[in-house]
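One structure is given here, and the rest of the page talks about it.
Chains as they are written, first to last, in our numbering: chain A, 994 to 1312; chain B, 277 to 609.
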């Protein structure tokens, strides 16, 4: 009975959550109060940014792709949000729509290049990252715009900082996204198409699935989520900064993989990526609680990822 | 190329010739691309400076390219086995940092440390290879994790940019006065030609094309993969040494950008990310194309803030046109 409920994929999600809980316990032992309600809440807020990016990364990794354009789509989203809203609530809604639209459009272009022009995903999204970096730096003039009120509108800041039933609104938003994404992947035609394409694109095509459309939509979603993470980050910090998206590339990929999503596609759940995002964020916080210097954090971060991979990320069939 | 096929006397030879063309279409393309870049660079340089680029430009371009050339070579060894090495930047960081801390001594000590640094690079690659082959982990994940580890060790070795590289070392690897780096191009070509003919070289291509088939032909896939990553590590260490020689100092973060640019150079050089196709020579030329594009953009008076925008567009245009030409040539066969 338990064996049947705990399929391999579910077991991996469970492991990732357990890793997070163990890390919380270690943190609590090192620094009492680490795993208090306040402590957990603030770690979850930080994890939500990784988790949002990881939602998009999960989508594209499920079809065996990867999105390396995340850093500068996120960064462009953050800067577009503050420069188009000019820090006023009245303009917040159009600015939100513009920013999310930009993210989805850039993502769709990624998908189109991969699906229609046959460019490898690594190359397409890597080039797109450069294109977005150049556009962002060029159009913002290196962020020298000091008098244009480059702040996030108060309601966007409130979305991260103010609370509803004890939790910041961004966490409710993340919860909503977790439910929607899990539903879309688990219980809709589109979700089934995604797994099918990830398992075998050619067979999916022969079975009547429009592989190109699925690919384009998934990459558009990845761009959308990166832009959304950018919006939430400016809400969190109040301002946009150049290079703010860089840490989210490797973190989002690591979160997805730690959560048991198979890097070659076709297997895994967003809930796993959520667990991965939380575990990674707790890990970083624990290392900070140890007063670990930068280099030590970097080394342990890599070692822990390797350990988790060796624990449950191994291929079944060795060639 | 109809001219070539007409000249061939027998059907067998013609088959071999067009087979060679199909096998090396990536190499032919990158050489054409590089030629176009060099011509474009000379024209734009002439318009900007009212003279043609001379020895100084040649020397600085060569010295700037060599680290990337070795990084691209490192990437090629691994990508040929259908892997990918994201830790290239980390190995360059680490070896660069060690170089800055150790090379400034008597010549014999410098020479010994140079060998030690190459061994360190090889050890890094060995770790990657063992984790991939024996640990049965995905290359992209292993090297993502080891990238973080190598970066951390590099910062521990050299917390602040600095250290000193002896002038003698610089004059050998990246002589600022004479284009001596020109010598390294045929050297890489010879090394690659030898590698391609060794048992290991053949195995690397076989494993990249079809690991199961290679295995059933008696090739040890694990051994091949481990050695390919190890060679990649040594090549990354070379990149770290050339970078140190060129900068005459060390920096534990200077290698970070090479992870992605090494992939760009390899892809431009016709190395297929799906394994088994491409060559180190192509990657070398791909590195030169990458650097020449930056040079062209510089002399085109493009706002440097937009630089990555044009690089991205160029990468896409190059890959799309290479795809189209490649499939055209294959269809004609």
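Just so you know, even glycine gets a beta-carbon here, dropped at the ideal spot from N, CA and C.
Just so you know, these numbers come straight off a predicted model, no measurement behind them.
Taking the alpha-carbon positions, what's the residue i to residue j distance?
i, j, result
"residue 1198(A)", "residue 1242(A)", "30 angstroms"
"residue 604(B)", "residue 1295(A)", "44 angstroms"
"residue 1113(A)", "residue 362(B)", "16 angstroms"
"residue 1155(A)", "residue 583(B)", "40 angstroms"
"residue 1303(A)", "residue 1008(A)", "12 angstroms"
"residue 1070(A)", "residue 1146(A)", "14 angstroms"
"residue 383(B)", "residue 393(B)", "15 angstroms"
"residue 498(B)", "residue 442(B)", "40 angstroms"
"residue 379(B)", "residue 369(B)", "15 angstroms"
"residue 431(B)", "residue 528(B)", "5 angstroms"
"residue 1012(A)", "residue 320(B)", "57 angstroms"
"residue 598(B)", "residue 1277(A)", "43 angstroms"
"residue 307(B)", "residue 553(B)", "16 angstroms"
"residue 1221(A)", "residue 1045(A)", "7 angstroms"
"residue 400(B)", "residue 1287(A)", "20 angstroms"
"residue 456(B)", "residue 330(B)", "14 angstroms"
"residue 302(B)", "residue 595(B)", "10 angstroms"
"residue 1268(A)", "residue 1015(A)", "12 angstroms"
"residue 500(B)", "residue 485(B)", "13 angstroms"
"residue 312(B)", "residue 538(B)", "21 angstroms"
"residue 469(B)", "residue 304(B)", "16 angstroms"
"residue 283(B)", "residue 296(B)", "With a pLDDT of only 45 at residue 283(B), under the threshold of 50, the placement of this residue in the model should not be trusted; the figure read from the coordinates follows. One C-alpha to the other measures close to 15 angstroms."
"residue 1027(A)", "residue 1019(A)", "9 angstroms"
"residue 1010(A)", "residue 1272(A)", "7 angstroms"
"residue 1151(A)", "residue 1228(A)", "7 angstroms"
"residue 548(B)", "residue 1033(A)", "45 angstroms"
"residue 404(B)", "residue 1123(A)", "28 angstroms"
"residue 472(B)", "residue 495(B)", "15 angstroms"
Is there at least one Cβ from chain D nearer than 9 angstroms to residue i's Cβ?
i, result
"residue 1291(A)", "Here chain D cannot be found, since the structure's protein chains are A and B."
Hey, would you say residue i sits closer than 9 angstroms to residue j, going by beta carbons?
i, j, result
"residue 1191(A)", "residue 1089(A)", "no"
"residue 1049(A)", "residue 1219(A)", "yes"
"residue 1258(A)", "residue 1270(A)", "no"
"residue 1115(A)", "residue 1041(A)", "no"
"residue 1254(A)", "residue 1051(A)", "yes"
"residue 1101(A)", "residue 1289(A)", "no"
"residue 1061(A)", "residue 1223(A)", "no"
"residue 1245(A)", "residue 1099(A)", "no"
"residue 562(B)", "residue 348(B)", "yes"
"residue 557(B)", "residue 465(B)", "yes"
"residue 360(B)", "residue 415(B)", "yes"
"residue 1291(A)", "residue 396(B)", "no"
Which residue or residues does DSSP assign as beta-bridge partners of residue i?
i, result
"residue 1157(A)", "1160(A)"
"residue 438(B)", "526(B)"
Which residues mark the beginning and the end of the alpha helix (DSSP H) in which residue i is found?
i, result
"residue 1031(A)", "1030-1055"
"residue 1200(A)", "Run containing residue 1200(A): none; DSSP gives neither H nor E here."
"residue 1081(A)", "Residue 1081(A) -> no alpha helix (DSSP H), and no H or E assigned at all."
"residue 356(B)", "331-356"
"residue 410(B)", "Looking at the DSSP string, residue 410(B) is not in any alpha helix (DSSP H), and its letter there is neither H nor E."
"residue 372(B)", "364-378"
"residue 1186(A)", "1182-1192"
"residue 1285(A)", "Element bounds for residue 1285(A): n/a, residue is neither H nor E."
"residue 1122(A)", "1114-1132"
"residue 480(B)", "475-485"
"residue 1245(A)", "1240-1251"
"residue 579(B)", "Looking at the DSSP string, residue 579(B) is not in any alpha helix (DSSP H), and its letter there is neither H nor E."
"residue 557(B)", "556-575"
"residue 427(B)", "415-433"
Does the Cβ of residue i lie closer than 8 angstroms to at least one heavy atom of the ligand ATP?
i, result
"residue 1115(A)", "In the structure shown, the ligand ATP is absent, as is every other ligand, since no ligand is present at all."
| Name the residues in the stretch 429-450 of chain B whose C-beta lies less than 7 angstroms from a C-beta of chain A; which are they? | 429, 431 and 432
Name, going along the chain, the residues of the stretch 1111-1122 of chain A whose beta-carbon falls closer than 8 angstroms to a beta-carbon of chain B. 1111, 1112, 1113, 1115, 1116, 1117, 1119, 1120, 1121 and 1122
Exercise. In the stretch 583-595 of chain B, which residues sit with their C-beta less than 7 angstroms from some C-beta in chain A, listed in chain order?
Worked result: 583, 584, 585, 586, 587, 588, 589, 591, 592 and 595
For the stretch 1238-1258 of chain A, list every residue whose C-beta sits within 7 angstroms of some C-beta in chain B, in sequence order.
1243, 1246, 1247, 1250 and 1256
* To do: Note down, in chain order, all residues in the stretch 520-544 of chain B with a beta-carbon under 9 angstroms from any beta-carbon belonging to chain A.
  => 528, 536, 539, 540 and 543
Notebook entry, point to check: For the stretch 1038-1065 of chain A, which residues have a beta carbon sitting closer than 7 angstroms to at least one beta carbon of chain B?
Noted result: none
### Residues in the stretch 373-406 of chain B having any Cβ partner in chain A nearer than 7 angstroms
none
Q: Report the residues of the stretch 1189-1204 of chain A with a CB closer than 7 angstroms to any CB of chain B, ordered along the chain.
A: none
Q) Just by C-beta distance, which residues in the stretch 409-420 of chain B are closer than 8 angstroms to chain A? A) 411, 412, 413, 414, 416, 417, 418 and 420
- Residues in the stretch 563-585 of chain B with C-beta within 8 angstroms of chain A's C-beta atoms, listed in sequence order? 579, 581, 582, 583, 584 and 585
| message | For the stretch 469-485 of chain B, list every residue whose C-beta sits within 9 angstroms of some C-beta in chain A, in sequence order. | response | 483
Can you pull out the residues from the stretch 1068-1097 of chain A whose beta carbon lies closer than 7 angstroms to at least one beta carbon of chain B? none
### Query
What residues in the stretch 1270-1298 of chain A bring their beta carbon closer than 9 angstroms to a beta carbon of chain B?
1286, 1287, 1288, 1289, 1290, 1291, 1292, 1293, 1294, 1295, 1296, 1297 and 1298
**Q.** Members of the stretch 450-465 of chain B that neighbour chain A once the beta carbon cut-off is set at 9 angstroms
**A.** none
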